[in-house]
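According to mature numbering (1 follows the signal peptide of the UniProt record, and there is no 0), the stretch in the sequence shown is residues -18 to -1, 1 to 691, in order.
Here's the structure, in structure tokens; my notes come after.
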Amino acid sequence: MKFQAVSLLALLSLSVSAQQVIGNGNITVAFFADDEEDSCQADNANKTTTGLVLTTSDLPSAYTCFNLSDIFSQSNDTGFMNATWKVYDLDYNLREPNGVHWLLRNQDSFDSKANYSRVWYEQVNQTGEIKAGEDAPWVFYIYAFEDCEQMLAGTDDPYEKWPWFENSCQTEIGAITNTLRDAEPPSNCGTGWDQDKMSHIDYALYESPVGYALFKVVHQQDAVGLKLKETQAAANDLAKFGKMVKLANFSPFRGHVEALENINLVSEGIVSDYLKSVLELNLPQTSGKKTKVVLGVSEKNLAGAIKAVFPGIECETADTSDIVGDVIRGIRLHADKLLGGLKSGDVEKAGLGMGHAYSRAKVKFSVTRNDNHIIQASATIDFQDKGVNQFFMRVREWYGWHFPELIKIVSDNLTYAKLVLAIGDKKSLNDDKLHDIAALLGEDGEKAQAIIDAAKVSMGLDISPADLEIVHGFAEAVVKQAENRKSTALYLEKKMSNVAPNLQTLIGTPVAARLISHAGSLTNLSKYPASTLQILGAEKALFRALKSKSNTPKYGLIYHSSFIGKAGVRNKGRISRYLANKCSMASRIDNFSEEPSTRFGEALKQQVEDRLEFYATGKKPAKNSDVMKSVMDLIDDGDDVDEDEEMADVPEPESAKKSKKEKKEKKDKKEKKEKKRKRDEEEAPASKEVDGEKKKKKKKRKSEVADDE
């Protein structure tokens, strides 16, 4: 900052800081022009003889403001200055203010055109010890304008007027030198602190889990005192913090439901009707920009909403004001005592309960609809299928050495393993076991008799009791694994009916579970477009085709659906696209519907079957809008009518028939043009040769005519 004259250098403010005064003494401040380069490096004796010097008789106990231009321009070199602002001690007790006597030196050398940009100051005649690096028991500020205040650019708020030069610290010799920074007042000020975080606040809003509390801020530290460790620690002491704030109003919530509703609105930055009434009844009415009430709020989103609803309220948060952060922190720490009528720990317990309710409402977690178990069950079934099939093959091969004819009679693996346990040694098999064998074969007496007859004439090797015991134990273990796999499949069937009933109904449990497992969750699957879902599971083939610039795959996991197998070779790609579209719709319905239902899945499945019939016979299916409307009507009515009735074909309007006829005609024309283009391409080389010969003949004729002439 450059001072064009002492009148622009403005004012000097002296005050005792919030610390305990260490000793007595006085303050000396000297101002030097910017061309005096050695002023800050000279010894102490020279500083009081060359610069404009102001000395106080003692330490002021309150803020004392000096107008430097008036002082150095007058003829008197002594005088008395009354205190301007009151201050508080660490116990938040008001100090009795007193003025200070002052003495000037070298005032005759004052030049109104000089730029006094260097300041030197010290405390002399002190009786207490001030260690190096510690705050002195005095503070002084330099202000840019009158009344020891600087108006920030673009604001009319009187509470946002602050000094721009930082507070000072005492060195071990009791003196320190500083050079004022170059700046353009008032927008670019010094670097002592962040001016945007020193706003004064009148009230503080505390959004507790038990209700809204409105506190009136009785006392708040100034910008310098706010930086002191003692002031920051005072918020932890209820006796000291209780003098800073006073409870203006406490409006408790009337129940758990109202509390959760208000918490959700606060998190979204919305002013609820209850909060609006609290602020209207308890904050003073204001009019005009200069009479705004400053309210400290912890939630910045809520602060903007309050400001929009109440133009007469100026909201500050911890991001914009350090004072708000300290006040809210102290209120939250002592909430049980400050609110009144609460026991110790009540606010914490209420906050814990509200936290669980708020989180549960946000994630909308449902134990019965957790798709993570579907992913694990599907992977378990795939693993069990591989292991059980290998074990079945081992049982067949092992027992086949003893009874090879049984393999040709029984093809089912599980039935074969159970027969191994029932037969044991083939020599013990007789007609008495016919009913037991038939029970394992589904009461098939002919096949049971064939097994008994084959055992009598079997060409297999004999087996010892020890070997038979091992084979028996292994077959028993395989049967148990097969039963376990069957129970896991039933569990997956039941789980899918809770989580994704429509997708399960449409495409079947195994394929639907694999789609969810491959996507990672039902939510992820519902976000996929139909084109992605169509090739889900065929990523390697897709990237290989893209790399080699060949045809991309038409289907992935949905290939295992029965619909793909029913379609003809020409229509497999068409039905796969259609099926992927319906699967995408079913997954979104399952993911975002509140109550699971299979009606949409049944309707979508019928649509796919109708599409297959359309490809085969040309019978036109019903419109998707009509089908969905009929399903919604059934759900709204709660009727259990068979789905076959709702899927009846709807007669098409004449406009639809005409549009389809036009499309078919356009398609035929396009095919004819394509055939003609190919035919022209094939005939192009021959025609070029003929054209070339014709051109040559024309040139030859022209040349002959020219020769004749």
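No residue lacks a Cβ here, since even glycine has one placed at the ideal position from N, Cα and C.
Computed from a predicted model, the values in this text were never measured in an experiment.
Beta-carbon contacts of residue 96 that lie in its chain and below 7 Å, excluding the five residues immediately before and after: If we look at residue 96 and ignore the five residues flanking it on each side, its Cβ neighbours are 15.
For residue 234, the three-state DSSP class (helix, strand or coil): Assignment of residue 234 by DSSP, reduced to helix, strand and coil, places it in the strand class.
First through last residue of the alpha helix (DSSP H) which encompasses residue 419: Per DSSP, residue 419 belongs to the alpha helix (DSSP H) from 416 to 422.
Three-state class that DSSP yields for residue 302 in the structure shown: DSSP places residue 302 in the coil class of the three-state scheme, outside both helix and strand.
For residue 380, the first and last residue of its enclosing alpha helix (DSSP H): Per DSSP, residue 380 belongs to the alpha helix (DSSP H) from 354 to 382.
Cβ neighbour criterion (16 or more within 10 Å) applied to residue 439: Taking all protein chains in view, the Cβ of residue 439 is surrounded by fewer than 16 other Cβ atoms within 10 Å, so the residue is classified as exposed.
With 16 other Cβ atoms within 10 Å as the buried cut-off, status of residue 374: Buried.
Span of the alpha helix (DSSP H), counted from its first residue to its last, around residue 455: It spans 447 to 481 - the alpha helix (DSSP H) in which residue 455 sits, taken as one unbroken run.
Residues near residue 82 by beta carbon distance below 6 Å, same chain, minus five either side: 38, 42, 46, 63.
When 604, 89, 457 are compared against residue 585, the one with the closest alpha-carbon: Relative to residue 585, the option among 604, 89, 457 whose CA is nearest is 604.
Beta-carbon spacing of residue 188, residue 305 below 8 Å: Contact flag unset, no.
Per-residue DSSP class, three states only, for residue 504: DSSP places residue 504 within a helical segment (H, G or I) once states are collapsed to three.
8 Å Cβ cutoff met for residue 356 and residue 498: Yes, the pair counts as a contact, with Cβ atoms nearer than the cut-off.
Exposure label - residue 220; buried when at least 16 CB within 10 Å: By the C-beta density criterion, residue 220 is exposed, having fewer than 16 other C-beta atoms within 10 angstroms.
First through last residue of the alpha helix (DSSP H) which encompasses residue 63: That residue, residue 63, is in no alpha helix (DSSP H); its beta strand (DSSP E) goes 60 to 63.
Cβ shell of residue 627 (< 8 Å), same chain only, five flanking positions each side left out: Reliability fails at residue 627, whose pLDDT of 40 lies under 50, so the model's placement of it is uncertain and the value that follows must be treated cautiously. Residues of the same chain with their beta carbon placed closer than 8 Å to that of residue 627 are lacking, with the five preceding and five following residues left out of the count.
Beta-carbon proximity check, residue 185 vs residue 265, cutoff 8 Å: Contact annotation: residue 185 and residue 265 have beta-carbon atoms nearer than 8 Å.
Residues of its chain near residue 308, where Cβ-Cβ distance is below 6 Å and the 5 sequence neighbours each way are ignored: Same-chain partners within the cutoff: 217.
For residue 474 and residue 510, the rounded distance between their alpha carbons: Their Cα atoms are separated by approximately 23 Å.
Residue 447 versus residue 457: straight-line alpha-carbon distance, rounded: For residue 447 and residue 457, the distance between alpha carbons rounds to 15 Å.
C-alpha gap between residue 234 and residue 330, whole angstroms: Rounded to whole angstroms, the gap between the alpha carbons of residue 234 and residue 330 is 15 Å.
Minimum C-alpha distance to residue 701 - residue among 565, 531, 423, 199: Lying before the first or after the last residue shown, residue 701 is absent from the chain, which here runs from -18 to 691.
Check whether residue 426 and residue 420 have beta carbons under 8 Å apart: Yes; because the gap between Cβ atoms is below 8 Å, this pair is in contact.
Cβ-based neighbour list, residue 576, same chain, cut-off 7 Å, excluding 5 preceding and 5 following: Excluding residues within five positions, none has a Cβ falling inside 7 Å.
Nearest to residue 450 (by Cα), restricted to the options 534, 377, 549: Distance check between residue 450 and each of 534, 377, 549 places 377 closest, using alpha-carbon atoms only.
Inter-residue CB distance, residue 555 and residue 531 (contact presumed, cutoff 8 Å): No, residue 555 and residue 531 are not in contact; Cβ-Cβ is about 19 Å, not under 8 Å.
Environment of residue 472 [buried if 16+ CB atoms lie within 10 Å]: By the neighbour-count definition (other C-beta atoms within 10 Å, threshold 16), residue 472 is an exposed residue.
Nearest-angstrom Cβ-Cβ length linking residue 405 and residue 436, presumed shorter than 8 Å: In fact, because the Cβ distance is near 11 Å, the residues do not count as touching under 8 Å.
Identified DSSP bridge partners for residue 54: None; residue 54 has no bridge partner.
Assumed close pair residue 274, residue 299 - CB separation to whole angstroms, cut-off 8 Å: No, residue 274 and residue 299 are not in contact; Cβ-Cβ is about 16 Å, not under 8 Å.
C-alpha distance - residue 548 paired with residue 495, whole-angstrom precision: Approximately 21 Å, taken between the alpha carbons.
Residue 25 (DSSP reduced to helix, strand or coil): Its pLDDT being 48, under 50, residue 25 is placed unreliably in this model, and the coordinates cannot settle the point.
Between the CA atoms of residue 317 and residue 242 - distance to the nearest angstrom: Inter-residue distance for residue 242 and residue 317 is about 19 Å (C-alpha atoms, whole angstroms).
Three-state class that DSSP yields for residue 198 in the structure shown: Strand, per DSSP.
Residues near residue 352 by beta carbon distance below 8 Å, same chain, minus five either side: Correct list, in chain order: 481.
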